[in-house]
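Engineer:
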Amino acid sequence: MTVLAASLLAADSSWLGEAVRQADAAGVDAFHIDAMDGHFAPNIAFGPTTVKDLRALTTREFDVHLMLSHPDRFLRRYAEAGANVLTVHVEACTHVHRVLGEIRELGLQCGVALNPATPLSTLEWILQGIDRVLVMSVNPGFPGQSHISAMTQKVASLARLRDELGARFRISVDGGVGPANAAELVAAGCGILVCGSSIFGTGNLHAAVEAVRQAARG
Ligand code: DX5
Ligand code: ZN
0 MTVLAASLLA ADSSWLGEAV RQADAAGVDA FHIDAMDGHF APNIAFGPTT
50 VKDLRALTTR EFDVHLMLSH PDRFLRRYAE AGANVLTVHV EACTHVHRVL
100 GEIRELGLQC GVALNPATPL STLEWILQGI DRVLVMSVNP GFPGQSHISA
150 MTQKVASLAR LRDELGARFR ISVDGGVGPA NAAELVAAGC GILVCGSSIF
200 GTGNLHAAVE AVRQAARG
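Mapping to numbering that gives the first Met the number 0: the sequence shown position 122 is 121, numbers consecutive.
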């Protein structure tokens, strides 16, 4: 089944706890929580304390997307705050293989993210051991940006590579994902749809979640 992960960056931040409760009640499968340091990405967002406070509100998965220049310095703090999955950018890690190993040693699932311009070849030698690949379909920083439709081909190529290698990672897509593109992304091999504005920007979470689910069924 396709996983729908709610991206909290797109929620009104004065209402964050309520956003988690309502998205939980609307039946999202997971929460996608963006961490940004104002350096790797041109914005600042959710630290470990926020993750810890929100952790008390839901049992659903927390996938923390680390858009940080030195993600290795923060792994333990996000793990202790209650993250289930930590996703790091290949562009931010000099020793990405080591960082992924450190995430696993903390007992968490590990993911690697690629900016839109980063080729799949950067993953060639690490794909066997990872749980997730996050394909960015916008440039990191902000919710509500236009989905880069060429990323569907990137997802399809990645899914082919996965088959060739017999690897088992799940592919997630983040940026401008919603009812308009869910079907083609799923058909290309995406297993996790990260949805921000398409669900939090609508005024009716239940209906928005259902619209994505229906589109994802094709
Ligand atoms: C962008 C973030 C995304 C974003 C998604 O840097 O990684 O998670 O908040 O929001 P939408 O779905 O509105 O593009
Ligand atoms: Zn994200």
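Beta carbons are placed, not taken as given, at the ideal position from N, Cα and C, and that holds for glycine.
What residues match up with V211 in a beta bridge as DSSP calls it?
Structural biologist: Partner(s): none; V211 has no beta bridge.
Engineer: Regarding D173 and the ligand ZN, is the C-beta to nearest heavy atom distance less than 7 Å?
Structural biologist: Indeed, a heavy atom of the ligand ZN lies less than 7 Å from the Cβ.
Engineer: Under 8 Å: do the segment 127-135 and the segment 158-168 share three or more Cβ pairs, one atom per stretch?
Structural biologist: Segments in contact, yes.
Engineer: For D23, which option in V154, V208, R216 and G217 has the closest C-alpha, if you only look at C-alpha atoms?
Structural biologist: Ranking V154, V208, R216 and G217 by Cα distance to D23 puts V208 first.
Engineer: On the three-state DSSP scale, how would you describe S234?
Structural biologist: Because the chain in this structure spans residues 0 to 217, residue 234 falls outside the shown range and cannot be described.
Engineer: For V193, collect the residues of the same chain with a Cβ closer than 7 Å to its Cβ; drop the 5 residues on either side in sequence, then sort them by chain order.
Structural biologist: Here the set comprises A4, S6, H31, S171, V172, D173 and V176.
Engineer: The alpha helix (DSSP H) that contains L164, what's its start and end?
Structural biologist: Here the alpha helix (DSSP H) through L164 covers M150 to L164.
Engineer: Regarding D33 and the ligand ZN, is the C-beta to nearest heavy atom distance less than 7 Å?
Structural biologist: Flag set: Cβ of D33 near the ligand ZN.
Engineer: The ligand DX5 heavy atoms versus the CB of C194: any closer than 7 Å?
Structural biologist: Yes.
Engineer: Sorry if obvious, but does the Cβ on L65 come closer than 7 Å to a heavy atom of the ligand DX5?
Structural biologist: Checking the Cβ of L65 against the ligand DX5 gives no.
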